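A quick write-up on the structure given underneath.
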Ligand SMILES: Nc1ncnc2c1ncn2[C@@H]1O[C@H](COP(=O)(O)OP(=O)(O)OP(=O)(O)O)[C@@H](O)[C@H]1O
Ligand SMILES: [Mg+2]
């Protein structure tokens with residue numbers, strides 16, 4: 272592998288949501304602050320959406336790691352569940368005993384647990400990642416859970432994290448009641464050119480590659496064009512390019528090596544150049560999200 276060649280301690284561009292490599296931009300910081308605020312102020316519902324590979328899971332993991340002990344969390348990462356299964360999973364994650372499958376009984380147990388927790392001055396939080404996979408029935412059930420409340424507070428804080436399909440689902444007429452209860456909605460956007468430069472540098476430094484791998488300045492613009500600033504695509508492209516650099520016995524990442532990696536990854540099909548052209552115009556912004564990752 273290229274690690275020894277470049278003198279790196281570990282791969283800088285893995286595609287796992289590893290918070291060790293967390294890179295902060297203004298928008299990431301603002302997103303975490305808003306979500307944390309909604310949870311701590313017990314506002315009920317918060318939603319985070321963003322295109323595939325924008326960093327939702329990474330940021331969610333980071334957010335959870337920053338919450339204090341007074342917050343008890345249930346994290347669901349595979350919400351392709353029926354309504355009773357969903358309730359069962361939430362109760363199990365909170366450590367509520369019982370094996371019943373009747374939604375009514377499950378909600379009763381959850382309510383009792385939430386009241387006990389509230390009496391101790393603590394907060395319960397349910398986070399659902401990949402929430403675009405929730406059925407309309409499951410979303411309706413989640414809305415009902417948010418009705419568990421005292422006179423002053425929502426007993427259960429809920430954060431839904433998902434791809435733009437979640438926004439489209441929530442925009443449907445059937446979920447208008449749900450929509451009205453969303454206190455905070457943050458949308459993650461891809462990185463700008465300048466942020467890409469900092470992102471790559473940040474990951475290289477953390478992987479022990481400070482001043483060991485050099486990116487030709489012309490490379491960044493090409494990375495931006497090929498990935499549209501989506502972190503997962505940047506990682507895929509940079510990892511493959513380091514491999515190509517190693518094969519070519521070059522310590523410098525050049526546009527030529529990037530093109531070679533792009534061909535390996537068939538990235539041309541991922542980001543059609545016509546969209547890149549279109550995005551330069553202000554009215555092309557609406558297509559920005561949808562032009563990538565298909
Ligand atoms: N802020 C960030 N700092 C460092 N790395 C990041 C950041 N955001 C995303 N990444 C990297 O990008 C890749 C994709 O991130 P992640 O899995 O969090 O995206 P996602 O939005 O949850 O994607 P999906 O829609 O497929 O679930 C991961 O390798 C992750 O490490
Ligand atoms: Mg994810």
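Numbering (the working numbering), first residue to last: 272 to 565. Beta carbons: idealized from backbone N, C-alpha and C, even for Gly. These figures come from a predicted structure and were not determined experimentally.
Between residue i and residue j, is the Cβ-Cβ spacing less than 8 angstroms?
{"i": "residue 508", "j": "residue 528", "result": "no"}
{"i": "residue 433", "j": "residue 401", "result": "yes"}
{"i": "residue 426", "j": "residue 395", "result": "yes"}
{"i": "residue 351", "j": "residue 410", "result": "no"}
{"i": "residue 478", "j": "residue 289", "result": "no"}
{"i": "residue 310", "j": "residue 428", "result": "yes"}
{"i": "residue 292", "j": "residue 474", "result": "yes"}
{"i": "residue 314", "j": "residue 484", "result": "no"}
{"i": "residue 365", "j": "residue 522", "result": "no"}
{"i": "residue 384", "j": "residue 367", "result": "yes"}
Give me the residue from the options with the minimum Cα distance to residue i.
{"i": "residue 443", "options": "466, 408, 467", "result": "408"}
{"i": "residue 305", "options": "451, 331, 379, 469", "result": "331"}
{"i": "residue 325", "options": "294, 335, 406", "result": "294"}
{"i": "residue 356", "options": "394, 300, 413", "result": "413"}
{"i": "residue 359", "options": "349, 372, 485", "result": "372"}
{"i": "residue 536", "options": "525, 514, 520", "result": "514"}
{"i": "residue 496", "options": "467, 520, 521", "result": "467"}
{"i": "residue 377", "options": "333, 415, 406", "result": "415"}
{"i": "residue 516", "options": "327, 363, 533", "result": "533"}
{"i": "residue 489", "options": "526, 333, 472", "result": "526"}
{"i": "residue 287", "options": "353, 296, 327, 491", "result": "327"}
{"i": "residue 391", "options": "518, 340, 487", "result": "340"}
{"i": "residue 353", "options": "382, 297, 406, 275", "result": "406"}
{"i": "residue 422", "options": "538, 389, 503", "result": "389"}
{"i": "residue 299", "options": "272, 333, 503", "result": "333"}
{"i": "residue 297", "options": "382, 441, 469, 272", "result": "469"}
What is the rounded straight-line gap between the Cα of residue i and the Cα of residue j?
{"i": "residue 439", "j": "residue 375", "result": "29 angstroms"}
{"i": "residue 463", "j": "residue 312", "result": "32 angstroms"}
{"i": "residue 465", "j": "residue 500", "result": "10 angstroms"}
{"i": "residue 505", "j": "residue 282", "result": "14 angstroms"}
{"i": "residue 403", "j": "residue 323", "result": "11 angstroms"}
{"i": "residue 461", "j": "residue 480", "result": "24 angstroms"}
{"i": "residue 511", "j": "residue 285", "result": "11 angstroms"}
{"i": "residue 524", "j": "residue 301", "result": "32 angstroms"}
{"i": "residue 520", "j": "residue 498", "result": "25 angstroms"}
{"i": "residue 348", "j": "residue 399", "result": "6 angstroms"}
{"i": "residue 419", "j": "residue 387", "result": "13 angstroms"}
{"i": "residue 471", "j": "residue 531", "result": "19 angstroms"}
{"i": "residue 397", "j": "residue 493", "result": "40 angstroms"}
{"i": "residue 424", "j": "residue 486", "result": "52 angstroms"}
{"i": "residue 482", "j": "residue 518", "result": "20 angstroms"}
{"i": "residue 274", "j": "residue 503", "result": "20 angstroms"}
Would you grab the beta carbon distance between residue i and residue j for me? Rounded to a whole angstrom, and I think it's under 8 angstroms.
{"i": "residue 320", "j": "residue 458", "result": "5 angstroms"}
{"i": "residue 453", "j": "residue 318", "result": "5 angstroms"}
{"i": "residue 393", "j": "residue 343", "result": "6 angstroms"}
{"i": "residue 307", "j": "residue 329", "result": "No, residue 307 and residue 329 are not in contact; Cβ-Cβ is about 16 angstroms, not under 8 angstroms."}
With DSSP as the reference, label residue i as helix, strand or coil.
{"i": "residue 456", "result": "strand"}
{"i": "residue 486", "result": "strand"}
{"i": "residue 391", "result": "coil"}
{"i": "residue 467", "result": "helix"}
{"i": "residue 518", "result": "helix"}
{"i": "residue 524", "result": "strand"}
{"i": "residue 317", "result": "strand"}
{"i": "residue 398", "result": "strand"}
{"i": "residue 290", "result": "helix"}
{"i": "residue 342", "result": "strand"}
{"i": "residue 279", "result": "coil"}
{"i": "residue 378", "result": "helix"}
{"i": "residue 323", "result": "coil"}
{"i": "residue 448", "result": "helix"}
{"i": "residue 347", "result": "strand"}
{"i": "residue 371", "result": "coil"}
May I ask whether a heavy atom of ligand 4 can be found less than 7 angstroms away from the beta carbon of residue i?
{"i": "residue 400", "result": "For ligand 4, the structure offers nothing, since it holds only ligand 1 and ligand 2."}
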